[in-house]
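In this text, residue positions in the sequence shown follow the numbering used here: the first is 1399, and each later residue adds one.
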Amino acid sequence: MITIKIRLGSNELRLLFTLEEEGISVFSIKDAKRILKTSTPSVWNVVYRLKKKGRIEEIEKGKYLLIPARAGYDGSWSEIPYLIVPYIIDVYYIGFWTALNYWGMTEQVPNVVFIATTQRKKDLDYGDTRFEFITLSKKRFFGFVEEKAARSTFNISSREKTIVDCMLYPKYCGGLDEAIKGIWNARNELDFVKLLE
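1. Determine the burial state of Y1446: buried for a count of at least 16 other Cβ atoms within 10 Å of its Cβ, exposed for fewer.
2. So, is F1590 buried or exposed, given that buried needs 16 or more other C-beta atoms within 10 angstroms?
3. Measuring alpha carbon to alpha carbon, tell me which of A1497, F1425, R1585, K1451 ends up nearest D1563.
4. For L1411, report the span of its alpha helix (DSSP H) as first-last.
5. Decide if I1482 is buried, meaning its Cβ has at least 16 other Cβ atoms within 10 Å, or exposed.
6. For F1580, does the count of other Cβ atoms within 10 angstroms reach 16, so buried, or fall short, so exposed?
7. Cβ atoms of T1516 and V1489: under 8 Å apart, would you say?
8. With distances taken between CB atoms, is the gap from E1410 to V1444 smaller than 8 Å?
9. Do G1421 and R1549 have their C-beta atoms closer together than 8 Å?
10. Hey, out of S1535, K1520, I1532, V1510, whose CA is closest to D1526's CA?
11. Given a threshold of 16 other Cβ atoms within 10 Å of its Cβ, counted over all protein chains shown, does N1586 qualify as buried or as exposed?
12. Do I1427 and G1460 come within 8 Å of each other at the CB atom, strictly closer than that value?
13. Mind reading off the beta-carbon distance from A1547 to Y1480? Whole number of angstroms is fine, and I expect it under 8 Å.
14. Would a C-beta distance cut-off of 8 Å place W1495 and E1576 closer than the cut-off?
15. Using alpha carbons as the reference points, say which of V1424, E1505, G1573 lies closest to P1484.
16. Opposite D1523 in the DSSP bridges: which residues?
17. Report the three-state DSSP secondary structure of T1516 (helix, strand or coil).
18. Is it the case that the CB of K1449 approaches a heavy atom of the ligand GDP more closely than 7 Å?
Set out below in structure tokens:
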């Protein structure tokens, strides 16, 4: 058995332990500064060192994923993609093909997380996952629910809104065939009165 030593400074340990203790898996520089109570350059230095040591990964500029201790020395870790979304954008819901899969309305597993939003946002690649942002008008931005996973929550379109969105924007759900198949697969769970409103 080979023992690997990873040396962590006191600020690095404080940041990692506090994030794990608070159940925070995705954090910003602002969060790190709140925890460390030190200067911005010092915070950036701690973040840089933790990235080099494989204890955190950058999702996008200023947003980081904590690699928990249970990931082991290799630090190989993948957070549930839905849980990263609230840290990337404020006004959103996960929808379209991703929601079809989440609600069990399709057997297809998309390799893209489709996110509806009222804000313009550039698509993002993180690890093996692509986050694709679809900008909707405020008039069409409704019908989502809050779901829980692990110790976090995320917004996702309701079953009925998922069908409506997929019918309006079939290119984001694998075509009209997938939307129709979704209706059939979820026929016992759908509220058809709500669907037709």
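By construction, the Cβ of each residue, glycine as well, lies at the ideal position given by its N, Cα and C atoms.
Per the coordinate set shown:
1. exposed
2. exposed
3. A1497
4. 1408-1420
5. buried
6. It is Gly, not Phe, that sits at residue 1580 in the sequence shown. So G1580 counts as buried.
7. yes
8. yes
9. yes
10. V1510
11. exposed
12. yes
13. 6 Å
14. yes
15. V1424
16. R1528
17. coil
18. Within the structure as shown, the ligand GDP is missing, as the structure has no ligands at all.
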